[in-house]
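Here the protein sequences line up with chains A and B, keeping their order. When the count follows the numbering used here, it moves up by one through the first sequence with no breaks and lands on 465 for the last residue. When the count follows the numbering used here, it moves up by one through the second sequence with no breaks and lands on 465 for the last residue. Input: a single structure, listed below in C-alpha cells.
2 protein chains.
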Amino acid sequence: MKTEFELINAICTKSKTRNPKLKIGIGDDCAVICQNSQTDLVVTTDLLIEDIDFKLDWSKPEFVGHKALAASLSDIAAMGAKPVWALISIGVPEKIWASDFVERFYDGWLRLARKFAVELAGGDISRAPDKIVIDSIAAGETRKNRAILRSGAQAGDFVFVTGNLGGAAAGLRLLESGKTKNPASSSLIQKQLCPDPQTKIGLILGEKRLATAMIDLSDGLSSDLRHLCEASKTGAKIYAEKIPIHPKLKSFKEFRADALRLALDGGEDFELLFTANPKNAKKIEKLLPAASRIGEITANAGRIELCQDSKNILIEPRGFRHFGAIENAKL
Amino acid sequence: MKTEFELINAICTKSKTRNPKLKIGIGDDCAVICQNSQTDLVVTTDLLIEDIDFKLDWSKPEFVGHKALAASLSDIAAMGAKPVWALISIGVPEKIWASDFVERFYDGWLRLARKFAVELAGGDISRAPDKIVIDSIAAGETRKNRAILRSGAQAGDFVFVTGNLGGAAAGLRLLESGKTKNPASSSLIQKQLCPDPQTKIGLILGEKRLATAMIDLSDGLSSDLRHLCEASKTGAKIYAEKIPIHPKLKSFKEFRADALRLALDGGEDFELLFTANPKNAKKIEKLLPAASRIGEITANAGRIELCQDSKNILIEPRGFRHFGAIENAKL
Numbered sequence: 135m136k137t138e139f140e141l142i143n144a145i146c147t148k149s150k151t152r153n154p155k156l157k158i159g160i161g162d163d164c165a166v167i168c169q170n171s172q173t174d175l176v177v178t179t180d181l182l183i184e185d186i187d188f189k190l191d192w193s194k195p196e197f198v199g200h201k202a203l204a205a206s207l208s209d210i211a212a213m214g215a216k217p218v219w220a221l222i223s224i225g226v227p228e229k230i231w232a233s234d235f236v237e238r239f240y241d242g243w244l245r246l247a248r249k250f251a252v253e254l255a256g257g258d259i260s261r262a263p264d265k266i267v268i269d270s271i272a273a274g275e276t277r278k279n280r281a282i283l284r285s286g287a288q289a290g291d292f293v294f295v296t297g298n299l300g301g302a303a304a305g306l307r308l309l310e311s312g313k314t315k316n317p318a319s320s321s322l323i324q325k326q327l328c329p330d331p332q333t334k335i336g337l338i339l340g341e342k343r344l345a346t347a348m349i350d351l352s353d354g355l356s357s358d359l360r361h362l363c364e365a366s367k368t369g370a371k372i373y374a375e376k377i378p379i380h381p382k383l384k385s386f387k388e389f390r391a392d393a394l395r396l397a398l399d400g401g402e403d404f405e406l407l408f409t410a411n412p413k414n415a416k417k418i419e420k421l422l423p424a425a426s427r428i429g430e431i432t433a434n435a436g437r438i439e440l441c442q443d444s445k446n447i448l449i450e451p452r453g454f455r456h457f458g459a460i461e462n463a464k465l
Numbered sequence: 135m136k137t138e139f140e141l142i143n144a145i146c147t148k149s150k151t152r153n154p155k156l157k158i159g160i161g162d163d164c165a166v167i168c169q170n171s172q173t174d175l176v177v178t179t180d181l182l183i184e185d186i187d188f189k190l191d192w193s194k195p196e197f198v199g200h201k202a203l204a205a206s207l208s209d210i211a212a213m214g215a216k217p218v219w220a221l222i223s224i225g226v227p228e229k230i231w232a233s234d235f236v237e238r239f240y241d242g243w244l245r246l247a248r249k250f251a252v253e254l255a256g257g258d259i260s261r262a263p264d265k266i267v268i269d270s271i272a273a274g275e276t277r278k279n280r281a282i283l284r285s286g287a288q289a290g291d292f293v294f295v296t297g298n299l300g301g302a303a304a305g306l307r308l309l310e311s312g313k314t315k316n317p318a319s320s321s322l323i324q325k326q327l328c329p330d331p332q333t334k335i336g337l338i339l340g341e342k343r344l345a346t347a348m349i350d351l352s353d354g355l356s357s358d359l360r361h362l363c364e365a366s367k368t369g370a371k372i373y374a375e376k377i378p379i380h381p382k383l384k385s386f387k388e389f390r391a392d393a394l395r396l397a398l399d400g401g402e403d404f405e406l407l408f409t410a411n412p413k414n415a416k417k418i419e420k421l422l423p424a425a426s427r428i429g430e431i432t433a434n435a436g437r438i439e440l441c442q443d444s445k446n447i448l449i450e451p452r453g454f455r456h457f458g459a460i461e462n463a464k465l
C-alpha cells in the first residue's frame with residue numbers, strides 16, 4: 135500500500151508552484167503566502183474526525199472545540215507567527231445537531247480564540263451521516279520573510295523542545311483503559327483532551343529570530359524530528375537524559391518503564407521542536423525557561439540518533455500514523 | 135429543533151469582530167480580510183461528505199475533486215474576486231485509501247486548479263472511519279474595498295442570473311432514478327457532477343464594478359435570492375417567464391411540468407445571482423451575454439415575489455437544506 139508521503143510527493147510533482155505569491159506550499163506546518171511589503175500570511179488546515187481524532191465518551195464538546203483550534207494554532211506557532219483569523223467547518227449527524235454539542239463546541243473554540251485574539255472569519259455547517267467531522271483552518275502573520283521553516287536547520291545547531299513530552303499519549307492510554315479516577319491522571323488527560331498551543335513561545339522565537347527551524351510536536355518527537363531533519367537535509371543526535379518527560383508519568387507504574395518511549399513516540403503534545411545556532415543558546419535559556427536543549431543537528435542526513443547510557447541508537451519514526459506503514463500527513 | 139441560522143446568529147453574537155483586519159466575517163460567500171493597501175483577501179471553506187454531498191456510485195473520483203474546488207471557486211466568483219490559492223483536507227477510509235481514489239481525486243482537483251491558475255498551498259490527509267470527508271478552502275483577491283457583498287442591493291436594482299437553472303437538480307434526479315442512459319441526460323448529469331464555476335463572469339463584474347450585490351447559486355434561486363435580500367434588507371420581484379430554465383429539461387416529460395420549480399428551488403447550479411443599478415443594464419447585456427435579467431429589487435424587506443401569468447406569488451426558500459426546517463448554512 136502506498137504511503138501518505140508517496141502520495142504527497144506525487145501531488146507535489148503534479149502541482150508545481152508557479153505563482154510567486156505562494157512562497158512555501160506543501161511540506162511545512164503552514165503554507166506561507168506573500169501578503170504585503172511588511173508581512174507574510176501563514177495558513178494551515180487540520181481535519182479531525184470522530185472516533186479517529188476524538189471520542190465523545192471521553193471529551194466534553196468544549197474540549198473538542200478547544201482542541202480543533204489548538205491544533206491549528208500550534209501549526210501557526212511552529213512558523214513563529216501570530217494567529218489572526220480562523221475558519222471552522224463542521225459536519226454533524228442529525229442526533230448530535232439536536233443536542234447541545236455544536237453550541238458547546240463553539241464555546242470551547244471561542245474561548246481559546248479570544249485568549250489569542252483570533253477572529254472567527256467564517257465556516258461551513260453541514261449534515262454528516264454518522265460521525266462528527268471538523269476542519270479547522272487558521273491563518274497568522276509573520277514579518278516579511280521571517281516564517282520559521284522546517285528546512286532551516288544546519289549541522290551544529292542545538293535542538294530544543296518546549297514543555298514536557300509524553301503527557302498527551304499517557305492521557306490517551308488512561309482514557310483507553312478507563313483509568314481516569316486516579317488524581318494524578320487529570321493533568322495527563324487534560325494534556326490529551328485540552329492541549330495548550332505554544333503561541334507565545336512561537337511568537338518570541340519568530341520576533342527575536344532565535345530559531346533556525348521549527349515544527350510542532352503533533353505526531354511525536356521521533357516522527358517530527360525526522361520531518362525537520364528531512365526538510366533540512368540533516369541528521370540529529372538527541373540525549374535520552376535530556377528529554378523532558380512529563381513529570382506525572384512517574385506516578386503510574388505502567389508508564390515508568392515506558393516513559394522515554396511515550397516521550398519519544400507519543401503524539402499530540404503540541405509542544406514546539408526547534409533548532410538554534412549555539413550562539414543563541416544563552417538567550418534562549420533566559421527568554422524561554424520552558425525550553426529544554428535535547429541534542430544537536432548533525433550533517434548525517436536522515437540519521438536520527440538517540441544517545442542513551444553512552445550508547446547511540448538509531449531511532450525510527452513511531453509517531454501517530456493514519457495508514458499502515460506510514461504517518462499522518464500534512465500536505 | 136434549532137435552525138442552522140439560529141445557531142449562526144448565536145455564534146455571531148458571541149464572536150463579535152474587533153480586529154479591523156477582518157472586514158467581513160460570518161454571513162457572506164467569503165470572509166473579506168485586509169491584505170495590503172491595494173488588495174483584499176477573500177476566503178471560503180466548503181465541507182463535502184460522502185453520501186450527503188456526493189456518491190461514489192454516481193461520480194468518478196476526478197469529478198469529486200473537480201466539484202470540491204468548483205464549489206469554493208464559485209464562492210470566490212460571487213465576491214467578484216480572482217482565485218489565487220487553495221487548501222484541501224481529505225479524510226478517507228482505509229479501503230478507499232488502498233484504491234486509486236485519492237490520486238484521481240487530486241487529478242480532477244488539479245485540472246480545474248490549473249485552468250484558473252489556483253495554487254495548491256497545502257492540506258491535510260487523514261483516515262476516516264467509513265465515509266470520505268473533504269474540506270475545500272480557497273482564497274482569492276479583489277482590489278481594495280471592491281469585494282461584492284450580499285448586502286449591497288438597493289430597491290430599483292435589476293436582478294440577474296448567469297447561465298441557466300435547474301440543470302444540476304434535474305441531473306441529481308436522473309442519477310437517483312437511474313435514468314442515465316438517455317442521451318439528453320448527459321449535460322444535466324454533467325451539471326450536477328462536474329459544475330463549472332463562473333470565475334470569469336465574477337471577475338468581470340468585480341473589475342468593472344457592475345454589480346451592487348452578488349451570491350452564488352448553491353442552495354437554489356429561491357433560497358439564495360432570500361439570502362441576498364436579507365443581507366441587503368430588501369425584497370425582490372422576479373418574473374417566471376424570464377428565469378433561464380436549463381434547455382434540456384424539456385427533453386424529459388417528468389421535468390416539463392416541474393421545470394420552473396427545479397429552476398427556482400434546485401441547488402448546486404453554481405451560477406451567479408447578482409443585482410445591478412439599471413443604468414448599467416446595457417453594459418451588462420453587452421459584456422455578459424450569458425446573464426439574464428429576471429426581475430428587480432424592491433423596498434419590501436423580506437418579501438420575495440414571483441410574477442407568473444400576471445399573478446404575484448410569495449415564494450419561500452425551498453433550496454437544499456441540511457437540517458429539518460432549515461437550509462444549508464455558510465457561516
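Cβ atoms here follow ideal geometry from the backbone N, Cα and C, with glycine treated the same way. In this text, all values refer to a predicted model and were calculated from it rather than measured experimentally.
Interface flag, residue i vs chain A, CB-CB below 9 angstroms
i        : result
Arg544/B : This structure cannot settle anything about residue 544/B, because the visible part of chain B is limited to 135 through 465.
Asp330/B : no
Ser193/B : no
Asn462/B : Only weak support is given to the placement of Asn462/B: the predicted model assigns it a pLDDT of 48, under 50, and the question is left unresolved by the model.
Glu138/B : yes
Lys155/B : yes
Ala347/B : no
Asp264/B : yes
Ala144/B : yes
Closer than 9 angstroms to chain B by CB, residue i
i        : result
Ser208/A : no
Val130/A : Absent from the structure is residue 130/A, since the part of chain A shown begins at 135 and ends at 465.
Ala459/A : Because Ala459/A sits at a pLDDT of 39, beneath the cut-off of 50, its placement in the model cannot be relied upon, and the following sentence gives the value as read from the coordinates. Taking Cβ atoms only, chain B never reaches closer than 9 angstroms to Ala459/A, which makes this a no.
Pro169/A : Inspection of the sequence shows that residue 169/A is occupied by Gln rather than by Pro. Judged by the 9 angstroms Cβ criterion, Gln169/A is in contact with chain B.
Ser149/A : yes
Gly401/A : no
Leu203/A : no
Asp162/A : yes
Residues bridged to residue i [DSSP beta-bridge criterion]
i        : result
Gln442/A : Lys445/A
Arg427/A : Phe294/A
Thr432/B : Gly369/B
Ile224/A : Ile259/A and Ile268/A
Leu299/B : Ile379/B
Extent of the continuous beta strand (DSSP E) to which residue i belongs
i        : result
Phe292/A : Phe292 to Thr296
Ser260/B : Glu253 to Arg261
Limits of the alpha helix (DSSP H) - the one that residue i falls within
i        : result
Asp269/A : Where Asp269/A is concerned, there is no enclosing alpha helix (DSSP H), although the beta strand (DSSP E) it sits in stretches over Val267 to Arg277.
Phe235/B : Phe235 to Lys249
Ala144/A : Glu138 to Lys148
Glu341/B : Thr333 to Glu341
Ser285/B : No alpha helix (DSSP H) contains Ser285/B, which DSSP labels as neither H nor E.
Leu322/A : Ser319 to Leu327
*Minimum length 3: unbroken beta strand (DSSP E) runs contained in the stretch 346 to 416 of chain A*: If only uninterrupted beta strand (DSSP E) runs of at least 3 residues are considered, those enclosed by the stretch 346 to 416 of chain A are 347 to 350, 369 to 373 and 406 to 410.
*In chain order, which continuous runs of the beta strand (DSSP E) of length 3 or greater are located wholly inside the stretch 153 to 221 of chain B?*
Scanning the stretch 153 to 221 of chain B from its first residue to its last, the whole beta strand (DSSP E) runs of 3-plus residues come out as 156 to 158, 165 to 168 and 173 to 183.
*Got a sec: which bits of the stretch 217 to 231 of chain A sit with their beta carbon under 8 angstroms from any beta carbon on chain B, in order along the chain?*
If you check each beta-carbon in the stretch 217 to 231 of chain A against every beta-carbon of chain B, the ones closer than 8 angstroms belong to Val218, Trp219, Leu221, Ile222, Ser223, Ile224, Gly225, Glu228 and Trp231.
_Chain-ordered residues of the stretch 171 to 186 of chain B with a beta carbon less than 9 angstroms from chain A_ = Cβ contacts with chain A come from Ser171, Gln172, Thr173, Leu175, Val177, Thr178, Thr179, Asp180, Leu181, Leu182, Ile183, Glu184, Asp185 and Ile186.
*Chain-ordered residues of the stretch 237 to 258 of chain A with a beta carbon less than 8 angstroms from chain B*: Near chain B, meaning a CB-to-CB distance below 8 angstroms, the residues of the stretch 237 to 258 of chain A are Glu237, Tyr240, Asp241, Leu244, Ala247, Ala251, Glu253, Leu254, Ala255, Gly256, Gly257 and Asp258.
_Output needed in chain order: residues of the stretch 312 to 327 of chain B with a Cβ under 8 angstroms from some Cβ in chain A._
Listed by position, the residues of the stretch 312 to 327 of chain B near chain A (Cβ gap below 8 angstroms) amount to none.
*Please list the residues of the stretch 415 to 429 of chain B that have a C-beta atom closer than 7 angstroms to any C-beta atom in chain A, keeping them in chain order.*
Nothing from the stretch 415 to 429 of chain B brings a Cβ to less than 7 angstroms from some Cβ of chain A.
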